[in-house]
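>
Number of protein chains: 2
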Amino acid sequence: MKATRVCDVLEHGAVGERCRVEGWLRSARHSKQRSFFDLVDGSSARGLQLLVSPELENYETELRHLGTGAALRATGELAASPGAGQHLELRVETIEYLAGVESDYPLQKKRHSFEFLRGIAHLRPRTNTIAAVWRVRNAAARAIHDFFQQRGFVWLHTPILTVADAEGAGEMFEVAGAEEFFGQPVRLTVSGQLEAEVGALALGRVYSFGPTFRAENSNTSRHLSEFWMIEPELAFCDLDDLGALAEEFLKAVLRALLEECSEDMAFFDQRIEKGLIARLQHLVESPFERMTYSEALKALQQSGRSFEFPLRWGVDLQSEHERFLCEEFVKRPLIVSDYPAE
Amino acid sequence: MKATRVCDVLEHGAVGERCRVEGWLRSARHSKQRSFFDLVDGSSARGLQLLVSPELENYETELRHLGTGAALRATGELAASPGAGQHLELRVETIEYLAGVESDYPLQKKRHSFEFLRGIAHLRPRTNTIAAVWRVRNAAARAIHDFFQQRGFVWLHTPILTVADAEGAGEMFEVAGAEEFFGQPVRLTVSGQLEAEVGALALGRVYSFGPTFRAENSNTSRHLSEFWMIEPELAFCDLDDLGALAEEFLKAVLRALLEECSEDMAFFDQRIEKGLIARLQHLVESPFERMTYSEALKALQQSGRSFEFPLRWGVDLQSEHERFLCEEFVKRPLIVSDYPAE
Numbered sequence: 001m002k003a004t005r006v007c008d009v010l011e012h013g014a015v016g017e018r019c020r021v022e023g024w025l026r027s028a029r030h031s032k033q034r035s036f037f038d039l040v041d042g043s044s045a046r047g048l049q050l051l052v053s054p055e056l057e058n059y060e061t062e063l064r065h066l067g068t069g070a071a072l073r074a075t076g077e078l079a080a081s082p083g084a085g086q087h088l089e090l091r092v093e094t095i096e097y098l099a100g101v102e103s104d105y106p107l108q109k110k111r112h113s114f115e116f117l118r119g120i121a122h123l124r125p126r127t128n129t130i131a132a133v134w135r136v137r138n139a140a141a142r143a144i145h146d147f148f149q150q151r152g153f154v155w156l157h158t159p160i161l162t163v164a165d166a167e168g169a170g171e172m173f174e175v176a177g178a179e180e181f182f183g184q185p186v187r188l189t190v191s192g193q194l195e196a197e198v199g200a201l202a203l204g205r206v207y208s209f210g211p212t213f214r215a216e217n218s219n220t221s222r223h224l225s226e227f228w229m230i231e232p233e234l235a236f237c238d239l240d241d242l243g244a245l246a247e248e249f250l251k252a253v254l255r256a257l258l259e260e261c262s263e264d265m266a267f268f269d270q271r272i273e274k275g276l277i278a279r280l281q282h283l284v285e286s287p288f289e290r291m292t293y294s295e296a297l298k299a300l301q302q303s304g305r306s307f308e309f310p311l312r313w314g315v316d317l318q319s320e321h322e323r324f325l326c327e328e329f330v331k332r333p334l335i336v337s338d339y340p341a342e
Numbered sequence: 343m344k345a346t347r348v349c350d351v352l353e354h355g356a357v358g359e360r361c362r363v364e365g366w367l368r369s370a371r372h373s374k375q376r377s378f379f380d381l382v383d384g385s386s387a388r389g390l391q392l393l394v395s396p397e398l399e400n401y402e403t404e405l406r407h408l409g410t411g412a413a414l415r416a417t418g419e420l421a422a423s424p425g426a427g428q429h430l431e432l433r434v435e436t437i438e439y440l441a442g443v444e445s446d447y448p449l450q451k452k453r454h455s456f457e458f459l460r461g462i463a464h465l466r467p468r469t470n471t472i473a474a475v476w477r478v479r480n481a482a483a484r485a486i487h488d489f490f491q492q493r494g495f496v497w498l499h500t501p502i503l504t505v506a507d508a509e510g511a512g513e514m515f516e517v518a519g520a521e522e523f524f525g526q527p528v529r530l531t532v533s534g535q536l537e538a539e540v541g542a543l544a545l546g547r548v549y550s551f552g553p554t555f556r557a558e559n560s561n562t563s564r565h566l567s568e569f570w571m572i573e574p575e576l577a578f579c580d581l582d583d584l585g586a587l588a589e590e591f592l593k594a595v596l597r598a599l600l601e602e603c604s605e606d607m608a609f610f611d612q613r614i615e616k617g618l619i620a621r622l623q624h625l626v627e628s629p630f631e632r633m634t635y636s637e638a639l640k641a642l643q644q645s646g647r648s649f650e651f652p653l654r655w656g657v658d659l660q661s662e663h664e665r666f667l668c669e670e671f672v673k674r675p676l677i678v679s680d681y682p683a684e
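See below:
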């Protein structure tokens, strides 16, 4: 019998069906009559409850003593679950104990700090939070591709090793010894813009989506040394078209997350950032506001707020200005056009 | 009126329909009664034929003199085309001349060598061959994602900057000055395997698909300094499962190219590699052969061929051996299992 993924069991399984699952023990409870195992396989935030009878032949020798993280293969019959939080459970007929973990396995059924998890990078994807981050990131990446592919954009794999600095987009890492290799100094890209522009002028619509680098040693939430960036480039497109595309894009990606990752997003809403889902729902449902630079400046000047960065016609808008405009003035995303030419 | 892409005009356009197209002039022919423009926009290998009357008001001042590469916006009515190679053409009512090119524009309606094109990297995507490569590469990348996403794999963006050398997979580029930045020497990844293995042991099924590097200064068709690599990792999977997945994967991606890029593939078959389509069709339709290492060795030893690398039990199979087995012995793809342990 082929194994079924836990997400498929929970979504499509029926009472009375026989099935096999493979995964890891997230927690176990033992009573005299039976044990309850919570088995996860990474396909869902939810686990499948296994009902384990002491009559199984390896119960006393193995199953009674399993620790969190043990790898198992279980076969049995699906039954309606009387417990809270699940509608199905597996009445186990056999369990193979495939591999165990050290007795000092550091992940337990409790909240671990991110700092602690940073020290066990090989295990942290097994936590609810990090696994949810990876599933949501995957769904976002898929939605990004779907959005562009459905609109005829060509995905360009723009180079990482480059001599172009994209109009000084940021500090660049340099590759050691590149001169003897390439005949000139080579750095890690800060933007695929140059290649994407070339691509757009041949293929019409392209996007880059790949790793990007900044050699800026700042420990803020703004900059990572390495991150994935999306850069669409379109020929025959004006600023209004581009604003409309940006709005559609953000909404399509967020809508996909809310629909396809509802459990993981509910987990984030509950444990990581209260109000997250309502905020994203609001964004998805609101038409973005449009304003010219001059209108934006006027709104800021008439706000009565004092800002750290002074306001006069010609200055770049700073984060504090953007936040006031979006969060307090128009209360939704805002696209500002007609910036003064540099 | 919004512009329609050339691929959509050719596929869905109907005689009598009014439409607008935007693109670049690939070639022009002039007669006394009219001009014929071949307009491409990168959405298709094919262009749309524009029928341009000398009565248009900018005919003598602009249209008569346009060179290859000029950017145009044309509006008109679709008509049945009497010419060969197309079923529709656009009877132009207005043409806007948006931008021209220098009079020494290097791309002409003739075959350019790849070496020549290498020197004009900003223009070569406008050639039929390179544009087709990009469209086909995009379709392959999309098919790769679709394959894994449909099977519940999570796409991991494994790091480029790394201290891991993936069991010595290849020579690594080093990042200059990384020690003061990261506190230790940092290199460019040769494989996302380590992170993907960690991911698979938490999420069950993952794949990496991103840039990978080799600091090996070899000018062969085998190695690039930078290339995109795909690495699936699965928990609870044996070698037979993995072989089946590899076979399904290759077939799914090639089938997508043959179906979705039929024009570009036909172009490659005609101009770049005769027999390409038949070869790929054969691969898609054949069940892959399976053989153990011992069987493969026996077939090689009994072949009567002389090979450069000597054959005895325990040696790694070399390219010459693999080619003989696939191309001459089983005449289709081959998966060899039960390699001797190292």
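Chain order of the listed sequences is A and B. Going by our numbering, 323 is the number at position 323 of the first sequence; the sequence numbering is gapless. Going by our numbering, 488 is the number at position 146 of the second sequence; the sequence numbering is gapless. Glycine included, C-beta positions come from ideal geometry on N, C-alpha and C.
#1: I'd like the span of the beta strand (DSSP E) that includes residue 156(A), first residue to last.
#2: If you reduce the DSSP assignment to three classes, tell me which class residue 686(B) lands in.
#3: Can you list, in chain order, the residues of its chain whose CB lies under 8 Å from that of residue 326(A), leaving out five sequence neighbours each side?
#4: Should residue 211(A) be flagged as near chain B, meaning a C-beta pair shorter than 8 Å?
#5: Note down, in chain order, every chain A residue with its Cβ under 8 Å from the Cβ of residue 437(B).
#6: By how many angstroms is the C-alpha of residue 173(A) removed from the C-alpha of residue 580(B)?
#7: I'd like to know whether the C-beta atoms of residue 199(A) and residue 210(A) end up nearer to each other than 8 Å.
#8: Report the three-state DSSP secondary structure of residue 677(B) (helix, strand or coil).
#9: Assuming residue 166(A) and residue 194(A) make a contact with CB atoms under 8 Å, what is their CB distance in whole Å?
#10: Per DSSP, what kind of secondary structure is residue 189(A) in: helix, strand or coil?
#11: Kindly list the residues whose CB is nearer than 7 Å to the CB of residue 358(B), restricted to its own chain and excluding five residues on each side of it in sequence; keep chain order.
#12: Quick one, are the C-beta atoms of residue 496(B) and residue 548(B) less than 8 Å apart?
#13: So, for residue 365(B): in the same chain, excluding its five sequence neighbours on each side, which residues have a beta-carbon less than 7 Å away from its beta-carbon?
#14: Nearest by alpha-carbon distance to residue 251(A): which of 20(A), 112(A), 144(A) and 18(A) is it?
#15: Just list the residues that DSSP pairs residue 38(A) with in beta bridges.
#16: Could you spell out the range, first to last residue, of the beta strand (DSSP E) harbouring residue 465(B)?
#17: Which residues in chain A have a C-beta closer than 9 Å to the C-beta of residue 333(B)? List them in chain order.
#18: Cβ atoms of residue 385(B) and residue 83(A): under 8 Å apart, would you say?
#19: For the alpha helix (DSSP H) that contains residue 477(B), what are its first and last residues?
#20: Which residue or residues does DSSP assign as beta-bridge partners of residue 574(B)?
#21: Does the beta carbon of residue 199(A) sit closer than 8 Å to a beta carbon anywhere in chain B?
#22: For a contact meaning CB atoms closer than 9 Å, what does residue 502(B) contact in chain A?
#23: In chain order, what residues of the same chain have a beta carbon less than 6 Å from the beta carbon of residue 244(A), not counting five sequence neighbours either side?
#24: Check the C-beta distance from residue 632(B) over to residue 679(B) and give it rounded, since I have them as a contact under 8 Å.
#25: Under 7 Å Cβ-Cβ, which residues of chain B neighbour residue 128(A)?
#26: On a Cα-Cα basis, can you pick out the residue from 437(B), 410(B) and 449(B) that is closest to residue 345(B)?
#27: Should residue 685(B) go down as buried or exposed, given a rule of 16 or more other Cβ atoms within 10 Å for buried?
#28: If you scan the region 252 to 301 of chain A from start to end, which runs of the beta strand (DSSP E) of 3 or more residues do you find wholly inside it?
#29: Kindly indicate which residue of 578(B), 598(B), 623(B) and 657(B) has the alpha-carbon position closest to the one of residue 21(A).
#30: Tell me the DSSP secondary structure of residue 647(B) in three-state form.
#31: Are the C-beta atoms of residue 355(B) and some chain C residue less than 8 Å apart?
#32: I'd like to check one pair, residue 33(A) with residue 86(A): are the Cβ atoms closer than 8 Å?
#33: State yes or no: is the C-beta of residue 743(B) within less than 8 Å of the C-beta of residue 351(B)?
#34: Could you tell me the distance, in whole angstroms, from the CA atom of residue 566(B) to the CA atom of residue 163(A)?
#35: With a cut-off of 8 Å, does the C-beta of residue 154(A) fall near any C-beta of chain B?
#36: Starting from residue 86(A), find everything on chain B with Cβ-Cβ shorter than 7 Å and list it in chain order.
According to the structure data:
#1: Residue 156(A) sits at position 156 when you count from the first residue of the first sequence. Where residue 156(A) is concerned, the enclosing beta strand (DSSP E) stretches over 154 to 156.
#2: What is shown of chain B runs 343 to 684, which leaves residue 686(B) out entirely.
#3: By 1-based counting over the first sequence, the position of residue 326(A) is 326. Within its own chain, the residues whose Cβ lies closer than 8 Å to the Cβ of residue 326(A), once the five positions on either side in sequence are excluded, are 332, 333 and 334, listed in chain order.
#4: Counting from 1 along the first sequence, the entry for residue 211(A) is found at position 211. It does: the Cβ of residue 211(A) has a partner Cβ on chain B nearer than 8 Å.
#5: Within the second sequence, the letter at position 95 stands for residue 437(B). The CB of residue 437(B) never comes closer than 8 Å to any CB in chain A; the least such distance is about 14 Å.
#6: As a first step, residue 580(B) is located in the second sequence; it is residue number 238 there, counting from the start. As a first step, residue 173(A) is located in the first sequence; it is residue number 173 there, counting from the start. Looking at the two C-alpha atoms, the distance is approximately 41 Å.
#7: Translated into positions along the first sequence, residue 199(A) becomes position 199. Translated into positions along the first sequence, residue 210(A) becomes position 210. At a Cβ-Cβ threshold of 8 Å, residue 199(A) and residue 210(A) do not count as neighbours.
#8: Counted from its first residue, the second sequence places residue 677(B) at position 335. In this structure, residue 677(B) counts as strand in the three-state DSSP scheme.
#9: In the first sequence, residue 166(A) corresponds to position 166, counting from 1. In the first sequence, residue 194(A) corresponds to position 194, counting from 1. The C-beta distance from residue 166(A) to residue 194(A) rounds to 6 Å, short enough to meet the 8 Å contact threshold.
#10: If you number the first sequence from 1, residue 189(A) lands on position 189. In the structure shown, the three-state DSSP call for residue 189(A) is coil.
#11: Residue 358(B) sits at position 16 when you count from the first residue of the second sequence. So the qualifying residues of the chain are 419 and 420.
#12: Here the question's residue 496(B) lines up with position 154 in the second sequence. Here the question's residue 548(B) lines up with position 206 in the second sequence. For the pair residue 496(B) and residue 548(B), the CB atoms are nearer than the 8 Å cut-off.
#13: As a working mapping, residue 365(B) is identified with position 23 in the second sequence. Counting only residues of its own chain and dropping the five nearest sequence neighbours on each side, residue 365(B) has a CB closer than 7 Å to the CB of 348, 381, 382, 383 and 414.
#14: Here residue 251(A) is taken as the residue at index 251 of the first sequence, counted from 1. For the set 20(A), 112(A), 144(A) and 18(A), the Cα lying nearest the Cα of residue 251(A) is the one of 144(A).
#15: Position 38 of the first sequence, counted from the start, is the residue given in the question as residue 38(A). Answer is 27(A) and 49(A).
#16: The residue given as residue 465(B) occupies position 123 in the second sequence. For residue 465(B), there is no enclosing beta strand (DSSP E), as DSSP marks it with neither H nor E.
#17: Absent from the structure is residue 333(B), since the part of chain B shown begins at 343 and ends at 684.
#18: Taking the first sequence and counting its residues from 1, the one referred to as residue 83(A) is at position 83. Taking the second sequence and counting its residues from 1, the one referred to as residue 385(B) is at position 43. At least 8 Å separates the beta-carbon of residue 83(A) from that of residue 385(B).
#19: Residue mapping note: residue 477(B) aligns to position 135 of the second sequence, counting from 1. From DSSP, the alpha helix (DSSP H) with residue 477(B) extends over 470 to 492.
#20: Locating residue 574(B) in the second sequence gives position 232, counting from the first residue. Residue 574(B) is bridged to 549(B).
#21: Indexing the first sequence from 1 puts residue 199(A) at position 199. Closer than 8 Å to some Cβ of chain B, the Cβ of residue 199(A) qualifies, so yes.
#22: What you label residue 502(B) is simply residue 160 of the second sequence in a count that begins at 1. Within chain A, 160, 188, 211, 213 and 226 have C-beta atoms less than 9 Å from the C-beta of residue 502(B), given in sequence order.
#23: Translated into the one-based positions of the first sequence, residue 244(A) becomes position 244. Counting only Cβ-Cβ distances below 6 Å, and skipping sequence neighbours, we find nothing.
#24: Counting from one through the second sequence, the residue named residue 632(B) turns up at place 290. Counting from one through the second sequence, the residue named residue 679(B) turns up at place 337. Their Cβ separation, rounded to whole angstroms, is 7 Å, which keeps residue 632(B) and residue 679(B) in contact under 8 Å.
#25: If you number the first sequence from 1, residue 128(A) lands on position 128. Result: empty, since nearest Cβ-Cβ is about 11 Å, beyond 7 Å.
#26: Position 3 of the second sequence, counting from 1, holds the residue named residue 345(B). By alpha-carbon distance to residue 345(B), the top candidate from 437(B), 410(B) and 449(B) is 437(B).
#27: A query on residue 685(B) cannot be resolved here, the shown segment of chain B reaching from 343 to 684 and no further.
#28: Listed in chain order, they are 289 to 292.
#29: The residue given as residue 21(A) occupies position 21 in the first sequence. It is 578(B) whose Cα lies nearest to the Cα of residue 21(A).
#30: Numbered from 1 along the second sequence, position 305 holds the residue referred to as residue 647(B). Reduced to three states, the DSSP call for residue 647(B) is coil.
#31: As a matter of chain content, chain C is missing from the structure shown, whose protein chains are A and B.
#32: For this step, residue 86(A) is matched to residue 86 along the first sequence. For this step, residue 33(A) is matched to residue 33 along the first sequence. Between residue 86(A) and residue 33(A), the C-beta gap is not smaller than 8 Å, which leaves the two residues out of contact.
#33: This structure does not reach residue 743(B), given that chain B is present from 343 up to 684, and the question cannot be answered.
#34: Mapped onto the second sequence, residue 566(B) falls at position 224. Mapped onto the first sequence, residue 163(A) falls at position 163. Near 17 Å, if we compare the C-alpha coordinates of residue 163(A) and residue 566(B).
#35: The residue you call residue 154(A) lines up with position 154 of the first sequence. Put simply, the CB of residue 154(A) is near chain B, with a gap under 8 Å to one of its CB atoms.
#36: To locate residue 86(A), count along the first sequence from 1; it is residue 86. From the beta-carbon of residue 86(A), no residue of chain B is found nearer than 7 Å; the closest lies around 19 Å away.
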